[in-house]
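K.L.:
Protein chains in written order, with our numbering: chain A, 38 to 541; chain B, 72 to 320; chain C, 21 to 512; chain D, 1387 to 1515.
We treat Cβ as the ideally placed atom computed from N, Cα and C, and that holds for glycine.
Here the structure is a predicted model, which means the values were calculated and not measured.
Okay, here's the structure, questions in a sec.
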Amino acid sequence: MSLEQHAIIIILAPLLGALVISLIGGLHRRVAYLTLVAALAVSFSSTIATLSQVAARAAEGPLHYFLGDWQPPYGIELVIDPLNALVLTMVAGVSLLVAIYSKETVRRESPDRLHHYYTLFALLVAGLLGITATGDIFNLYVLTEIAALASYALLASGRGFAYYATFKYIIMGTIGACFYLLGVGYLYIKTGTLNMAEMQAFMTRPALLHSESIRVAFILIMVGLWIKMAFFPLHGWLPNAYTRTSTTTSCLVAPLMTKVSVYVMIRVMFGVFTLPYAYHVMGWNTAVVWLASLAIVAGSIGALAQTNLKRMLTYIIVAEVGYMVGGAWLGNAAGLTGAIYHIISDGLMTACLFMAVGAITFKTGEINLEAMRGVFRRMPVTAAIFVVGGLAMIGIPPTCGFFSKWYLLSGGLAAGHYGFVVALLFSSLVNAVLFFRLFEIGYYPLFDAQSEAGQHDKVVVAEAPLSMLVPMLITAAMILVVGLYTSRIVSGLIEYALPAGLKL
Amino acid sequence: MKKTALIIIAVLGILLLRAAEDLPSWGDPQSPASVHLSNYYLEESYEETSVPNIVTAVLADYRSYDTLFETVVIFCAGITVLLILRRTPRRWPKVISPRPNRPGADIILQTAARLLVPMMQLFALYVVAHGHHSPGGGFQGGVILGASLILLALSYDIEMALHRFKEKFVLLFSAGGVLLYAAIGLVCLYLGRNFLAYGAWADLLGISELAAHSHGMLGVEIGVAITVLCIMFSLYIDLASGGDLDEGL
Amino acid sequence: MMDTAPFLAATPALAVATSLVAVPLIAISGRWPNLREGWTFLAGAVKLLLVLSMAGWILAGHTHTYDLWEVLPGLMIRFKVDGFGMLFALVASPLWLITSIYSVGYMRSLDEHAQTRYFCFFAVALSATIGVAFSGNLFTLYLFYEMLSLSTYPLVTHHQDKEARGGGRKYLTYLLGTSIAFALPAMIITYMTAGSLEFSAAGVFPAGTSPAPLTTLLLLFLFGFAKAGIMPFHSWLPGAMVAPTPVSALLHAVAVVKVGVFSIVRVFTGIFGLELLADLHLNTLICSIAGCTVLVSSLMALSQDNLKRRLAFSTIGQLSYIILGVGLASKLGAQGGMLHIAMHAFGKITLFFCAGAIFVATGKKYISEMGGIGRQMPITMTAFFVGSLSVIGLPPAGGLISKLFMVQGALQAELAWVLVIYLISSLLNAAYFFPIVYQAFFGSSQEAQHQGPRQEAPFCAVLPPVLTATASVVLFFFPGIFLDFITVFLAS
Amino acid sequence: MEDLFNYIIGRYNYWAAIILLLIGLYGMIAKNNLLKKVIGMTIFQAAIILFYVSIGDKRGATIPILDHGHGTHQAIEAAAYANPLPHVLMLTAIVVGVSTLGVALAILQKIYRVHGTIEEDEILETIDQ
């Protein structure tokens, strides 16, 4: 396969995987599982190939892939620049790991209809990768809907109360998507094109720069995306939807969906609209950053109040969305770098934590804080992975969480936005409290009323199965590796991803 | 909740009304939307694809990638509903009986449906096959095909319809339709062109590139029609019976 | 001008890594305690040798820099060995060896649980300490600083009971909280205004930086490195005394607290520069904060009955001595402050060792129970006496030397009121140490039932305090061992 | 006055779309019955589809299907045909709307089975218990 085709293989591999699973996956669950893993592995290797290609020619501009050989703006194109090459790699990598991880959990949680579950799994990944790769603003909508539909089904697989939570998500998600679609409609009326790059080129015309309808389009698209990414105060649907669902789904959806929405926001701000438009014409920076600060504080406080491990993590996601939105709106290079870097690092951290919690739940059958009791003895490897994820969330060097905080804080300080800085520090401290509370519960086996000193030596080590441990270990290792390679990632990729006019 | 909703729609309404001032008036031939891409498609598409129905040309060729995923959306919805509603194995065995005289069975209705279904299906095939020359296409044809089956299920019952078109095949064909679409694109990839560049079929079929575009579109539309047919039917039987696939409504 | 160094370029990194390498070895040999402790000793010895191999080169006035990795664009994980770092490494690495001996005696006598975990994290903590000592820039320092906070948490909470839990919580809340809330933003602000985090004698701030933000930064750093125990962020230190005694000894007399002080001194000397501190009269600010801590903590020490807690409050005071000394921003003061890191380390670790030995031998924790104990444990209590002399600053123990320098430094900096602090606090030191010693030897013990025969702790627990007490005395006569490094450092 | 009249008449496609859209959105947010929310959702989507399709209209233009034999011989007059693109786009949006509706209805059936009601406040009560 020639090198240029990698761009489309990234998306086609999971798509074809989904079709094949739905055709032959019913034969045996192993077939479904292996097909999924194989498809995602192909996709992931293609993202790696594209990433290295993009990195090699970062200064020359993005890679273009014309679908059907039609020149844009008449046809649809994929545009792979350093920004989305990174996000693609993260999405494909995390979903591959979750796919490997899912072997036992899916078997337990959806034993019947397993191949349908995997079909939707693959479709969700295809949708997310497609969203990230596309250079066409309407195509993005279509792919968003694929991802959304697949995620509805996956989230509903939690049964019971999950259905109501999913229903809320459907309503919110549809409002978000429709706002986006309406915004695209306004943009199309005013520009006559659907290609992002061309739209951006038109956007410098003074007639459009101060047009009321373009402004409304921007607002609609932003609000739509904020609903999709659960940005405060539009976050109400997320904790329920992500908590009630099955382990596998939350492992897949939690790290990826919000991050991809954040990516889309950044893409729209600087790839459809222009830097001066997003920052100066709208003049929203301060307000949005304040909102982001509130999101961080609200998410952190919400997390503190939870006794359900997964729900606690979902509130952390709400806070993390605040990090990224705030970073993107700070209006300086450091903040945006932090936001982009945080997409990657938060994807990894969230995946790591959700998988670790999933493994603990898998073994203990509990999801409350008490599930952690004595976990350092019972499941030492899982516990160690959880610690890595937790430390990254707190922002301890050299995990990647530290470096995103570094850039976000630099951005906040450079912009003089001290509210955001304080919110970031506050959430770091809250995360420290949250995670060390958990570490503590896991570390002290002796507080059980019945168990006495000395008895803790008898605890049987009962680790999660290998198919869960390996992906978790890789994720935890990636947290450290990405942290240590920050310099390369920033100077080799993110620097080129920043819009002209913002330079580190 | 009601107050919040009113505030939200008031704010949104004001925003949208203000924005409308700025938009071109209805039917304005000079609005940007109607001159840039639109004119290109109107003027060039016949030259480039040899398909007179420009909507089809844009749908199935210029924006074929979109349409592929549109089909995937349908497919995805079908699987989603299946995953949510269907329960296997059934909790209790169904007593299978022909039940010709079940309450509500209407001889007039059933006879009319029997007569109508083949006509509908024939027309649907025409809509699919003639979609690039006249209004129509895969989605439209597929929906009519699906409707014919739904009519069968409505006038008789779901079991009868399923007897004619087994659920196993429903699933098989729904994936098969998307696969057909993707395969047409993949062959182009295999032949060294970009994904969905139908021109690549020219050598394979021994026809001109223009004709290849037209044929490619036809193939794609057939794939779409198959998927839409299956999923429409599947959505109906699942929703109407709550996933039990018994008599339904 | 520079000759090639007579050791591998990566030696500082290797010295840091040695004990990290030992961690998995210790972990897998958990079932054979002798082999396990063998690794500890081996790693300690190798580390000490690596540190020593660089000592001569440093004494000759050179420094050595080694870049390990570029983490952020333009920001390295950089090791730099200079006189001050060397001084600290030379204090920490031999004391690790001695503490390891002591740990063996202590842990085995008390039959503590989870000894493998204990030795593993001990090794990690030592790596972090040496990492701090050899940090070439503030970023690297922060990295190892956090590593130390985290790796000592399992040590502090070793007993895994309710008390340990409380102490551990406090420990992390203070250390992690302050480092995230104060030190991290301070570091980022510094990087943004100065564009560099490299330590240099002249400081990193460009001339003409306005004093108000500098003062804020200084305060952020001062409180951000809460390991130094500056009030009001000191209360983790007495809380952390729930740890097993060897941990308290090494970590809370040497490693953890000294890392805090070391970090602050590094910021004074490397980020601000002593001249800048003096020019902006920031030294007055530092001295008042540190002076308050010295006095208050000494008063609080008086009222403690738990021996380890009394020692802990004493430590808080002594740490502020060091900050006070360097904060004077005069040459002699800095010399004295830095020297006090070493002097206090040897003195205080002796005291902790003795407290642990008493606990091992008799199970006593409270001073009020210790009447007459000197007759039971004469060796231990003699060492204790020497240690307290050193901390009070009386001959023939090393503490006197550093105190003298600091007093001169105060005069040199023309801050005479600081003298008063030194005077009062020395008296207070004497007031809380001498009664213990007096009671131990001459006290008519009310608990005469313990008037048994001599009842020393096991050899492994007695040897270390004797060694460190001897070292304290030796340092009185040969302060040059450490003073030369400081001279070299301040001369550069 | 005439200007205003022209303005209102000239854009009535927008007014219709906006009103429908607001009705739909109100239903989605304010209605207590989940099925009504779904109905609101479809109205909302229909409004957007209407909006798009109305963009494609051009005064005096016919549907964008070329006469046979016409296109090959003489130049195609772009102004004579309506804009095809919005139709293409809306075909997708319709499909998406149908799919979402199907999924929402399926979920709704499940909700009814789990909670025994589709009134939101009653569902919340059962969850709280």
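Buried or exposed for residue 237/B, going by 16 or more other Cβ atoms inside 10 Å?
P.N.:
Within the second sequence, numbered from 1, the residue matching residue 237/B stands at position 166. The residue is exposed, with fewer than 16 neighbouring Cβ atoms inside 10 Å.
K.L.:
Can you grab the Cα-Cα spacing for the pair residue 108/C / residue 264/C, in whole Å?
P.N.:
On the third sequence, position 88 is the one that residue 108/C refers to. On the third sequence, position 244 is the one that residue 264/C refers to. When rounded, the distance between both Cα atoms is 23 Å.
K.L.:
CA-CA distance, residue 480/C and residue 121/C?
P.N.:
Here residue 480/C is taken as the residue at index 460 of the third sequence, counted from 1. Here residue 121/C is taken as the residue at index 101 of the third sequence, counted from 1. Approximately 6 Å between the Cα atoms of the pair.
K.L.:
Please work out which residues of its chain come closer than 7 Å, Cβ to Cβ, to residue 483/C, disregarding the five sequence neighbours upstream and downstream, and give them in chain order.
P.N.:
Your numbering for residue 483/C matches position 463 in the third sequence. So the list reads 121, once near-sequence residues are dropped.
K.L.:
Could you tell me the boundaries of the alpha helix (DSSP H) in which residue 1438/D lies?
P.N.:
Here the question's residue 1438/D lines up with position 52 in the fourth sequence. Run containing residue 1438/D: 1420-1442, per the alpha helix (DSSP H) assignment.
K.L.:
Could you tell me the distance, in whole angstroms, from the CA atom of residue 94/C to the CA atom of residue 1511/D?
P.N.:
Position 74 of the third sequence, counting from 1, holds the residue named residue 94/C. Position 125 of the fourth sequence, counting from 1, holds the residue named residue 1511/D. Cα to Cα, residue 94/C sits roughly 58 Å from residue 1511/D.
K.L.:
With a threshold of 8 Å, are at least 3 pairs of Cβ atoms found where one atom belongs to the region 463-480 of chain A and the other to the region 181-200 of chain C?
P.N.:
Because the criterion of three Cβ pairs below 8 Å is met, the region 463-480 of chain A and the region 181-200 of chain C touch.
K.L.:
If the cut-off is 7 Å on Cβ atoms, which residues from the region 1489-1503 of chain D count as contacting chain B, listed in chain order?
P.N.:
Flagged, chain order: 1489, 1491, 1492, 1493, 1495, 1496.
K.L.:
Let me check understanding here. Comparing Cα to Cα, which of 290/C, 200/C, 208/C lies closest to residue 246/C?
P.N.:
As a position in the third sequence, residue 246/C is number 226, starting the count at 1. The candidate whose alpha carbon is nearest that of residue 246/C is 200/C.
K.L.:
Give the straight-line distance between the Cα atoms of residue 314/A and residue 307/A, rounded to the nearest whole angstrom.
P.N.:
To locate residue 314/A, count along the first sequence from 1; it is residue 277. To locate residue 307/A, count along the first sequence from 1; it is residue 270. Rounded to the nearest angstrom, the two C-alpha atoms are 9 Å apart.
K.L.:
Would you mind sorting residue 475/C into buried or exposed? The rule is 16 or more other CB atoms within 10 Å of its CB.
P.N.:
Residue mapping note: residue 475/C aligns to position 455 of the third sequence, counting from 1. So residue 475/C counts as exposed.
K.L.:
With distances taken Cα to Cα, identify the nearest neighbour of residue 340/C among 128/C, 426/C, 404/C, 352/C.
P.N.:
Numbered from its first residue, the third sequence carries residue 340/C at position 320. Residue 426/C is the option with its Cα nearest to residue 340/C.
K.L.:
Indicate the three-state DSSP secondary structure (helix, strand or coil) for residue 98/C in the structure shown.
P.N.:
Against the third sequence, residue 98/C aligns to sequence position 78. Residue state, collapsed to three classes: strand.
K.L.:
On the criterion of 16 or more Cβ atoms from any shown chain inside 10 Å, does residue 233/C qualify as buried, or is it exposed?
P.N.:
Walking along the third sequence from the start, residue 233/C turns up at place 213. Under this definition residue 233/C is an exposed residue.
K.L.:
Is it true that the CB of residue 416/C sits closer than 8 Å to the CB of residue 493/C?
P.N.:
Here residue 493/C refers to the residue found at position 473 of the third sequence. Here residue 416/C refers to the residue found at position 396 of the third sequence. The answer is yes: Cβ separation under 8 Å.
K.L.:
How long is the line joining the alpha carbons of residue 141/A and residue 46/A, rounded to whole angstroms?
P.N.:
Residue numbering aside, residue 141/A sits at position 104 when the first sequence is read from its first letter. Residue numbering aside, residue 46/A sits at position 9 when the first sequence is read from its first letter. Those two C-alpha atoms are separated by around 28 Å.
K.L.:
From the DSSP output, read off the bridge partner residues of residue 100/A.
P.N.:
Residue numbering aside, residue 100/A sits at position 63 when the first sequence is read from its first letter. Paired residues: 117/A.
K.L.:
Considering just the uninterrupted stretch of the alpha helix (DSSP H) at residue 300/C, what are its terminal residues?
P.N.:
The residue labelled residue 300/C in the question sits at position 280 within the third sequence. Premise fails: residue 300/C is in no alpha helix (DSSP H) and is neither H nor E.
K.L.:
From which residue to which residue does the alpha helix (DSSP H) around residue 442/C run?
P.N.:
Start at 1 with the first residue of the third sequence, and residue 442/C comes out as number 422. Here the alpha helix (DSSP H) through residue 442/C covers 437-462.
K.L.:
Consider the Cβ of residue 1394/D: report whether some Cβ of chain A lies at a distance smaller than 8 Å.
P.N.:
Taking the first residue of the fourth sequence as position 1, residue 1394/D is located at position 8. Judged by the 8 Å Cβ criterion, residue 1394/D is not in contact with chain A.
K.L.:
So residue 246/C contacts chain A; which residues on that side make the cut at Cβ distance below 9 Å?
P.N.:
For this step, residue 246/C is matched to residue 226 along the third sequence. The premise fails here: residue 246/C is roughly 13 Å from chain A at the closest Cβ pair, so nothing lies under 9 Å.
K.L.:
Would you say residue 48/A lies against chain D (beta-carbon separation less than 8 Å)?
P.N.:
Residue 48/A sits at position 11 when you count from the first residue of the first sequence. Chain D, which has no Cβ nearer than 8 Å to the Cβ of residue 48/A, makes this no.
K.L.:
On the CB-based measure, 16 or more other CB atoms within 10 Å of its CB, does residue 243/A come out buried or exposed?
P.N.:
Your numbering for residue 243/A matches position 206 in the first sequence. So residue 243/A counts as exposed.
K.L.:
Between which residues of its own chain and residue 413/C is the CB-CB distance below 6 Å, once the five residues before and five after are set aside?
P.N.:
Looking up residue 413/C in the third sequence gives position 393. Excluding positions up to five away in sequence, the list reads 419, 420, 423, 446.
K.L.:
Report the start-end ranges of each alpha helix (DSSP H) in the region 291-363 of chain A that is 4 residues or longer and not cut off at the edges.
P.N.:
Whole alpha helix (DSSP H) segments, 4+ residues: 322-341.
K.L.:
Span of the alpha helix (DSSP H) holding residue 90/C?
P.N.:
Numbered from 1 along the third sequence, position 70 holds the residue referred to as residue 90/C. From DSSP, residue 90/C is part of no alpha helix (DSSP H) but of the beta strand (DSSP E) over 84-92.
K.L.:
Measure the C-alpha to C-alpha separation of residue 504/C and residue 373/A and round it to an integer number of angstroms.
P.N.:
Taking the third sequence and counting its residues from 1, one reaches residue 504/C at position 484. Taking the first sequence and counting its residues from 1, one reaches residue 373/A at position 336. Between residue 504/C and residue 373/A, the C-alpha separation is close to 49 Å.
K.L.:
Just checking my contact of residue 149/C with residue 46/C at CB under 8 Å: how many whole Å lie between their CB atoms?
P.N.:
As a first step, residue 149/C must be located in the third sequence, where it is residue number 129. As a first step, residue 46/C must be located in the third sequence, where it is residue number 26. That pair is no contact at about 17 Å.
K.L.:
Are the Cβ atoms of residue 207/A and residue 1486/D separated by less than 8 Å?
P.N.:
As a first step, residue 207/A must be located in the first sequence, where it is residue number 170. As a first step, residue 1486/D must be located in the fourth sequence, where it is residue number 100. Cβ atoms of residue 207/A and residue 1486/D: closer than 8 Å.
K.L.:
When you compare the CB of residue 155/B with every CB in chain A, is at least one pair closer than 8 Å?
P.N.:
If you number the second sequence from 1, residue 155/B lands on position 84. Taking Cβ atoms only, chain A reaches closer than 8 Å to residue 155/B, which makes this a yes.
K.L.:
Among residues of its own chain, excluding the 5 on either side of residue 312/A, which ones have a beta-carbon nearer than 6 Å to its beta-carbon?
P.N.:
Locating residue 312/A in the first sequence gives position 275, counting from the first residue. These residues qualify, in order along the chain: 536, 538.
K.L.:
What residue from 144/B, 77/B, 74/B, 92/B has the CA that sits closest to residue 248/B's CA?
P.N.:
Numbered from its first residue, the second sequence carries residue 248/B at position 177. Ranking 144/B, 77/B, 74/B, 92/B by Cα distance to residue 248/B puts 144/B first.
K.L.:
Of the residues that make up the region 134-149 of chain B, which ones have a beta carbon closer than 7 Å to any beta carbon in chain A?
P.N.:
Correct list: 134, 135, 136, 137, 140, 141, 143, 144, 147, 148.
K.L.:
Going by DSSP in three states, residue 1467/D sits in which element: helix, strand or coil?
P.N.:
Sequence index remark: in the fourth sequence, residue 1467/D carries index 81 (1-based). Reduced to three states, the DSSP call for residue 1467/D is strand.
K.L.:
Tell me, which residues are paired with residue 1451/D by DSSP?
P.N.:
Within the fourth sequence, numbered from 1, the residue matching residue 1451/D stands at position 65. 124/B, per the DSSP bridge assignment.
K.L.:
Strictly under 8 Å for the Cβ-Cβ distance: is residue 285/A near chain C by that measure?
P.N.:
On the first sequence, residue 285/A is found 248 positions in, with the first residue counted as 1. No, because no Cβ of chain C sits closer than 8 Å to the Cβ of residue 285/A.
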